[in-house]
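What follows is a set of notes on a single structure, which appears directly below.
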């Protein structure tokens, strides 16, 4: 449940921020949610720390899903035209793959996801550090 | 420990963020912003179903403007004032073509290295320096100052158009920026009337920058007068000038006497200059014509035009209809300037082909001393002005370049650029301040021949053949531009900057520009051939086509009861007059006794060929390869020198082969065997046959369309995935001049009458965004020679065509 909450909060906050701010705003979303949901409340509820990997995974999945789905929807409406051409532009290989649009969607999803994951992990670690300092 | 963990995680996150924030490796863009589906390239992937807002408030409008976007994305603009129409036109053109507009004027202004860097071997920087040292930005500054001071109406129009572009730019968020800005990673810049003037100079540079001064000077020294005249004749072997041969030019008191030629017209000591000069890219050309009512099915004139330019995406043209009280005009505009360049209204239609004169001359400069502050003129010295150009090169320190401006023009080549000890100054008609946009404005609202004639007088450069037809029944063609008054052969060779007699001696008076009005033959036309026969009282020189004009006039002479379809068929005509003139002789020279299987296959295919460069014909490929190898065999050994030398033209080569079995240049340099025509023809034919294999001629890869391959290239050549490839009929020297990278950039046919009907198509799409489904919407139809019927709406409420969107622009504060 907590994982799902974290995932949803990051996704929603990133979605909101991205209406106005550039791509790095997903790091703000990951970091903020990571920090807010870090171990303080959790320890009260569960009496244990959130493993950093879970914070990372929630951030990764949240942004990967957000960017992946957004790119997928745009790509469907566009009939893969631009994603195919941009694939060729970046990888300089016109006929390398049967479905180059998946590579582009995957690439966006992966890079966004990594940024989301890393920032959520960072936020979580800050929360733990602050908390740890007091206890 | 926990703080260490945090710092580690923070470091990793920040590190990754930096990787996403800056361009990494060969990438020109940062990966993060580019791949972000909310603002990056994904936002440039359109479904094609996007709808514009139905009501758009714009500050600066004086009244309401109604716009209909039709199913082909053509905007039809209805306004009460022309400035309001121009405002909205700027806004809508920017919506579809902003990147192209920005890129074209950056090329003209010599600012591409700001976006791309110096390029391999400084190629991009050299391109920029060429543009600036030609004086393009300087000339545009002078031109826009002249318009601002002398023509408030046109300046107001340019300002309104510019405001419209900027209104579009201002409402964009970075997510909306056109794809190319994101790939090349730079931001859109505000427009200004100066940039429209730059665009006009960009066109002048494309169409009127042909000069062989240096090449001809070397050829003259190398080959001598007799052979020079044979290899580079002023007139081709079968001239068919625009103004019918034999037209008398009445003696006129205003006619200036031709200046006397100086004793010596070749400056000394050119050696060391190896910079090839500005050339009109091959394949630039055009056809246009008008047929009088006496020769048409309707009894009213027909007009046709197809300008042949570089085939680019986004296309050089943008279709637009502009309607204000008293004017309803449809045609194509150049994105970046408000006027309709080729089009029609209720009363008239017009079109353009390139005039093709050489209006670009080079003068040797001798400086007084090493400071280069004065140069020799007559018995004294003249001061030069120094203009310092700054290049803000991407990824490097700004570069400064001091360019010397003489009273002739800028010193284009010297030790700092072109690496020559003999500085060369440039005199170019594009340096003159012309008001070409006024010509287009007045043509848009012309009602008759008189209006058209008056409209043309403002047009300076690049000189164009303006074809005209009116519903009233007049047809006409003026070659319009400002032309220098010259002594015989002035401007063919490099001129001497110190000799007063070498200066341009004035200009040909406007009324004496070549023109023809309602001739007895019942048609007028042009295809970049000579404008006049030798009886024209003024000297001019240039790079004229010797083939398409002949074929055009031949077809127009045969035409009777002409229809729109007949005009389209002429635009698609792919018959080669060169092949028709020379191939029978080439075949007759062949020694058939030594023929093998493939020789016979090739021979039979060529023998039965109808001289048409149609896509499915193997014989066209055979002839083309054979001819090119024959040209190479004749000219390469003599013309590939340390210094640049022009190869003689196709027309000249046809004439020499036709007339001479023996010719000095047939001989292969260094060979002990004697070369005559027969040997050349047989050797090159053997070479051609040697390339055949398999089950020729049934194998399809020898068909002309595939062998030629027509590329419609993205304007930024490096973005190859946005190029498109098509298979087409035609070749450079036939009426359907579709070559590898050049071709008919807008085909239009207009039938005049009470209600004019127009047909047109260009190889591209209105929406210039590579991620849009209609980016190349017209390309397939264009490649097979089909047309759209143009929808010239009668009012904003007209629904006789298909509407994609209707918009209202309203003044706001």
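Chains as they are written, first to last, in this note's numbering: chain A, 1 to 135; chain B, 136 to 948. Backbone N, C-alpha and C define an ideal beta-carbon position, used for all residues, glycine too.
Cβ of residue i less than 8 angstroms from any chain B Cβ?
i	result
residue 79 of chain A	yes
residue 23 of chain A	yes
residue 89 of chain A	yes
residue 64 of chain A	no
residue 99 of chain A	no
residue 82 of chain A	yes
residue 134 of chain A	Reliability of the predicted coordinates at residue 134 of chain A is poor, the pLDDT of 44 falling under 50, and the value obtained from them is presented with this limitation in mind. Not an interface residue.
residue 102 of chain A	no
Which residues in chain A have a C-beta closer than 8 angstroms to the C-beta of residue i? List them in chain order.
i	result
residue 98 of chain B	Not covered by the structure: residue 98 of chain B. The range shown for chain B is 136 to 948.
residue 155 of chain B	23, 24, 111, 115
Which residues in the same chain as residue i place their Cβ atom closer than 6 angstroms to its Cβ, once the five residues preceding and following it in sequence are excluded?
i	result
residue 351 of chain B	627, 628
residue 649 of chain B	378, 614, 666, 667
residue 918 of chain B	861, 863
residue 335 of chain B	571
residue 229 of chain B	300, 303
residue 252 of chain B	529, 530
residue 712 of chain B	682, 685, 686
Please check if any C-beta of chain A sits within less than 8 angstroms of the C-beta of residue i.
i	result
residue 852 of chain B	no
residue 906 of chain B	yes
residue 90 of chain B	Any answer about residue 90 of chain B is impossible in this case: the structure gives chain B only from 136 up to 948.
residue 950 of chain B	Because chain B is modelled from 136 through 948, residue 950 of chain B falls outside the range shown and cannot be assessed.
residue 447 of chain B	no
residue 137 of chain B	yes
residue 936 of chain B	no
Residues of chain A with CB closer than 7 angstroms to the CB of residue i, please, in chain order.
i	result
residue 909 of chain B	Near residue 909 of chain B there are no residues of chain A at all, since even the closest Cβ is about 11 angstroms away, more than 7 angstroms.
residue 168 of chain B	22, 23
Can you name the residues of chain A whose CB is closer than 9 angstroms to the CB of residue i?
i	result
residue 727 of chain B	By Cβ distance, chain A contributes nothing, its closest Cβ being about 45 angstroms from residue 727 of chain B, past 9 angstroms.
residue 152 of chain B	24, 27, 115, 118, 119
Assign residue i to one of two classes, buried (16 or more other C-beta atoms within 10 Å of its C-beta) or exposed (fewer than that).
i	result
residue 153 of chain B	exposed
residue 896 of chain B	buried
residue 605 of chain B	buried
residue 652 of chain B	exposed
residue 905 of chain B	buried
residue 621 of chain B	buried
residue 883 of chain B	buried
residue 637 of chain B	buried
residue 224 of chain B	buried
residue 268 of chain B	buried
residue 749 of chain B	buried
residue 564 of chain B	buried
residue 70 of chain A	buried
residue 100 of chain A	buried
Which residues in chain B sit within 9 angstroms of residue i, going by Cβ to Cβ distance?
i	result
residue 121 of chain A	144, 147, 148
For residue i, which residues from the same chain have a beta carbon less than 7 angstroms from its beta carbon, with the 5 sequence-adjacent residues on both sides left out?
i	result
residue 186 of chain B	940
residue 192 of chain B	945, 947
residue 994 of chain B	Summary: the structure shown does not reach residue 994 of chain B, with chain B confined to residues 136 through 948, and so no result is reported for it.
residue 135 of chain A	Below a pLDDT of 50, predicted positions are generally treated as unreliable, and residue 135 of chain A, at 39, falls in that range; no measurement from the model is reported.
residue 321 of chain B	250
I want to verify the contact list: residues of chain B whose CB lies under 8 angstroms from the CB of residue i, in sequence order.
i	result
residue 86 of chain A	176, 856
residue 107 of chain A	170
Taking 8 angstroms as the limit between beta carbons, can you name the residues of its chain near residue i, skipping five residues before and five after?
i	result
residue 487 of chain B	421, 423, 440, 442, 476, 477, 599, 600, 601, 602
Mind pulling the chain B residues with CB within less than 7 angstroms of residue i?
i	result
residue 74 of chain A	172, 177, 180
Quick one: does residue i have its CB under 8 angstroms from some CB of chain D?
i	result
residue 71 of chain A	No chain D appears in the structure shown, which is made up of the protein chains A and B.
Please tell me whether, using a cut-off of 7 angstroms, the distance from the CB of residue i to the nearest non-hydrogen atom of the ligand SAM is below it.
i	result
residue 246 of chain B	The ligand SAM is absent from the structure shown, which contains no ligands of any kind.
Any chance you could list the alpha helix (DSSP H) runs of at least 4 consecutive residues sitting entirely within the stretch 640 to 716 of chain B, in chain order?
Complete alpha helix (DSSP H) runs here, min 4: 683 to 693, 699 to 707.
If we require 4 or more residues per run, which alpha helix (DSSP H) segments fall completely within the stretch 807 to 832 of chain B?
812 to 825
Within the stretch 62 to 91 of chain A, ranges of the alpha helix (DSSP H) (whole runs, at least 4 residues)
81 to 91
Which runs of the alpha helix (DSSP H) spanning at least 4 residues fall entirely within the stretch 303 to 357 of chain B, listed in chain order?
314 to 319, 328 to 342
Can you list the alpha helix (DSSP H) stretches of 4 or more residues lying completely in the stretch 536 to 564 of chain B, in chain order?
none
Uninterrupted alpha helix (DSSP H) stretches inside the stretch 868 to 922 of chain B (no shorter than 4 residues)
Fully enclosed alpha helix (DSSP H) runs of no fewer than 4 residues occupy 914 to 918 of the stretch 868 to 922 of chain B, in order along the chain.
So within the stretch 169 to 256 of chain B, which uninterrupted beta strand (DSSP E) runs reach at least 3 residues, ignoring any that extend past its ends?
190 to 194, 200 to 205, 210 to 213
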